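To keep things clear, I will list the structure first and then write my remarks on it.
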Amino acid sequence: MSNGWRVMENHKPWLAMVSIQFVFAGMTFISKAALDNGMNPFVFVVYRQGIAAVVLVLPACYFERTEAPPLSFKVFCKIFLLSLFGITLSQDLFYAALPYTSATFVTTTTNIIPVITLFTAILMRIESVNIRGMYGQAKVTGALISIMGAIVLCLYKGPPLKLFGWDGHVGHKESGGYSASLHVASEKGWTKASFLMLIAYTTWAVWLVMQAKFLKEYPARLHLTALQSLISSVQAVVVALAFDRNPCSWKLDWNLGLLSIIYCGVFVSGLSYWVQLWCTEKKGPVYIAFFSPLAILITAIISPFICPDLIHWGSVLGGLLMVGGLYLMLWAKKKEERRVECENKKHRLDEEAKKEEWGVDCDNGKHGLDDKMGSNIELV
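Quick note: the sequence shown, position 356, residue 356 per UniProt numbering, numbers continuous.
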């Protein structure tokens, strides 16, 4: 029983991150549906973060009332910047681009997150790469291949995928009306939306690394998540008013838009961000980022039953490059970790052997001293 419990304890971060990817995949589908039905993306972010703040403030005050460090001006400024880049800017760009792309494209481009996270972690000296070693070179090569795939996704859309009479649609075909006009708009704004999406993922990846470093200074995870949600909701209001001052855009009805806001506010910005922060503290930001591509598999399974996606050759080619580069990085990182683990184990065994040898020498010296003292006593 104890061994089984120990295994569960060791796999908690893994299970948590897999669960979060399901939540994130659901977010992509439900929020895209809300935006496709006419909801303003900037207003969506305001409501989402506002709900997250309401959900998190009371638990943070109750569970971490004695653990949270004092909120100095310097600490507040750092949290403000974390909120601005990791949540406000990232989400505004993401939701602004979402109506002009497909759910499959969105999840495919998440492959760039581990690459950017790794580079940022190296620059901030959280991760290290031995460029002269085979595994270090494999990491860099994988990162470059993934970046090349991201460029292909942005710059080359290509014709629809047609194999064996299949017209490239995943799910049901579009049937005119609003979805058809949106499809035309997406054709025109595909490149622009692609770049917006990649910038959003870049700010998200940098945020993951910055959070990991800031956690050492401010270890109260629930407080940090709540403060970021609260601050980002205020920042999002400023952005929303700058882009759209129509009061009708802020109106909420009992429809999919409200459901999407509640889902994203409670389960994504609230629960998932807090759990992700816990995993970041346990395993580091690069570990967190490596789970992002799992959303591709989840989306590929769910997409045919929920929404129609037209797959293009550019998405296939770019996605294959990104996935190939990513898993080359994963392979190299795993091998490097095993090598470091073996070296540490060997070093530990050598240290223990030295201690045992030192202990034997001390015992021999002690016995020799006792014998000498004994002989001196006899002479007396």
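Glycine is no exception: its CB is placed at the ideal position from the N, C-alpha and C atoms. Small disclaimer: the values here were computed from a predicted structure and weren't measured.
Check: With C-beta atoms as the reference, is serine 249 less than 9 Å away from alanine 236?
Finding: Residue mapping note: residue 249 aligns to position 249 of the sequence shown, counting from 1. Residue mapping note: residue 236 aligns to position 236 of the sequence shown, counting from 1. Cβ atoms of serine 249 and alanine 236: not closer than 9 Å.
- Query: With 16 as the cutoff for other CB atoms within 10 Å, does tyrosine 218 come out buried or exposed?
  - Reply: Position 218 of the sequence shown, counted from the start, is the residue given in the question as residue 218. Answer is buried; the Cβ neighbour count reaches 16.
Do the segment 52-68 and the segment 193-201 touch if we need at least three Cβ pairs shorter than 8 Å?
no
Backbone secondary structure at proline 160 - three-state DSSP: Position 160 of the sequence shown, counting from 1, holds the residue named residue 160. In this structure, proline 160 counts as strand in the three-state DSSP scheme.
Open item on the list: Here's the rule: buried if 16 or more other CB atoms are within 10 angstroms of the residue's CB, otherwise exposed. What is methionine 17?
Closed with: Stepping through the sequence shown from its first residue, residue 17 is reached at position 17. Classification of methionine 17: buried, given that the 10 Å Cβ count is 16 or more.
So is alanine 242 buried or exposed if we call it buried at 16+ other beta carbons inside 10 Å? What you label residue 242 is simply residue 242 of the sequence shown in a count that begins at 1. Under the 10 Å beta carbon count, alanine 242 is surrounded by fewer than 16 other beta carbons and is classified as exposed.
(request) Put aspartate 244 into one of helix, strand or coil per three-state DSSP. (result) Within the sequence shown, numbered from 1, the residue matching residue 244 stands at position 244. Coil, per DSSP.
**Item:** Terminal residues of the alpha helix (DSSP H) in which aspartate 92 lies
**Value:** Counting from one through the sequence shown, the residue named residue 92 turns up at place 92. Start and end: 90-97.
| So, glycine 86 versus valine 206, is the Cβ gap smaller than 9 Å? | Position 86 of the sequence shown, counting from 1, holds the residue named residue 86. Position 206 of the sequence shown, counting from 1, holds the residue named residue 206. Yes, they are a contact pair.
DSSP state of glutamate 336, grouped into three classes? The residue you call residue 336 lines up with position 336 of the sequence shown. Residue state for glutamate 336 is assigned as helix, using DSSP reduced to three classes.
Practice prompt. Determine, using beta carbons only, whether glycine 158 and tryptophan 313 come nearer to each other than 9 Å.
Written response: Translated into positions along the sequence shown, residue 158 becomes position 158. Translated into positions along the sequence shown, residue 313 becomes position 313. Cβ distance < 9 Å, so glycine 158 and tryptophan 313 count as in contact.
- prompt: Taking Cβ positions, are alanine 60 and isoleucine 112 nearer each other than 9 Å?
  reply: Within the sequence shown, the letter at position 60 stands for residue 60. Within the sequence shown, the letter at position 112 stands for residue 112. It is not a contact, given that the beta carbons lie outside the stated cut-off.
Check: How would you call residue 443, buried or exposed, if buried means at least 16 neighbouring beta carbons within 10 angstroms?
Finding: No answer is possible for residue 443: the residues shown for the chain start at 1 and end at 380.
Close Cβ partners of cysteine 264 (< 7 Å) along its chain, the five nearest in sequence each way excluded
On the sequence shown, position 264 is the one that residue 264 refers to. Closer than 7 Å at the Cβ level, and outside the excluded window around cysteine 264, lie Met27, Ser31 and Arg48.
Cβ neighbour criterion (16 or more within 10 Å) applied to tryptophan 166: Within the sequence shown, residue 166 is the residue found at index 166, counting from 1. The predicted position of tryptophan 166 is uncertain, since its pLDDT is 44 and thus under 50; a value taken from the coordinates is nonetheless stated next. By the neighbour-count rule (16 or more Cβ atoms within 10 Å), tryptophan 166 is not buried but exposed.
Is it buried or exposed, asparagine 40, if we count other Cβ atoms within 10 angstroms and call 16 or more buried? Locating residue 40 in the sequence shown gives position 40, where the first residue counts as 1. Buried: at least 16 other Cβ atoms inside 10 Å.
**Message:** Rounding to the nearest angstrom, what Cα-Cα distance links histidine 223 and proline 160 in this structure?
**Reply:** As a first step, residue 223 must be located in the sequence shown, where it is residue number 223. As a first step, residue 160 must be located in the sequence shown, where it is residue number 160. The alpha-carbon of histidine 223 is positioned some 47 Å away from that of proline 160.
Inspect the beta-carbon positions of residue 382 and valine 275 and report whether they are closer than 9 Å.
As shown, the chain starts at 1 and ends at 380. That puts residue 382 outside it, with no answer to give.
_For a minimum of 4 consecutive residues, which ranges assigned as the alpha helix (DSSP H) are wholly contained in the segment 195-250?_
221-243
According to DSSP, is alanine 112 helix, strand or coil? Numbered from its first residue, the sequence shown carries residue 112 at position 112. Checking the sequence shown, residue 112 turns out to be isoleucine, not alanine. Reduced to three states, the DSSP call for isoleucine 112 is helix.
* Over what stretch of residues does the alpha helix (DSSP H) that includes alanine 33 continue unbroken? -> Taking the first residue of the sequence shown as 1, we reach residue 33 at position 33. Note, alanine 33: alpha helix (DSSP H), 12-36.
Original post:
alpha helix (DSSP H) containing tyrosine 263: first to last residue?
Top reply: Taking the first residue of the sequence shown as position 1, residue 263 is located at position 263. 256-263 is the extent of the alpha helix (DSSP H) around tyrosine 263.
Exercise. Under the three-state reduction of DSSP, which class applies to leucine 349: helix, strand or coil?
Worked result: For the purposes of this step, residue 349 is taken as residue 349 along the sequence shown, with counting starting at 1. Helix.
Relative to the C-alpha of glycine 319, which candidate in Glu341, Arg338 and Ala295 has its C-alpha closest? Counting from one through the sequence shown, the residue named residue 319 turns up at place 319. Looking from the CA of glycine 319, the closest CA among Glu341, Arg338 and Ala295 belongs to Ala295.
Closest by CA to serine 315, which one among Thr191, Leu215, Phe76 and Lys355? Translated into positions along the sequence shown, residue 315 becomes position 315. Ranking Thr191, Leu215, Phe76 and Lys355 by Cα distance to serine 315 puts Thr191 first.
Simplified DSSP state of phenylalanine 290, which is helix, strand or coil: Locating residue 290 in the sequence shown gives position 290, counting from the first residue. Phenylalanine 290: coil per DSSP, three-state reduction.
Do you know how far the Cα of valine 115 is from the Cα of tryptophan 14? Within the sequence shown, numbered from 1, the residue matching residue 14 stands at position 14. Within the sequence shown, numbered from 1, the residue matching residue 115 stands at position 115. Approximately 19 Å, taken between the alpha carbons.
TODO: Could you have a look at alanine 68 and say whether DSSP puts it in helix, strand or coil?
DONE: Here the question's residue 68 lines up with position 68 in the sequence shown. Per DSSP, reduced to three states, the secondary structure at alanine 68 is coil, with no helix or strand assignment.
Problem - residue 381 and phenylalanine 44 closer than 9 Å at C-beta - result: Lying before the first or after the last residue shown, residue 381 is absent from the chain, which here runs from 1 to 380.
If you measure between the beta carbons of leucine 227 and glutamate 281, is that distance less than 9 Å? In the sequence shown, the residue the question calls residue 227 occupies position 227. In the sequence shown, the residue the question calls residue 281 occupies position 281. The answer is no: Cβ separation not under 9 Å.
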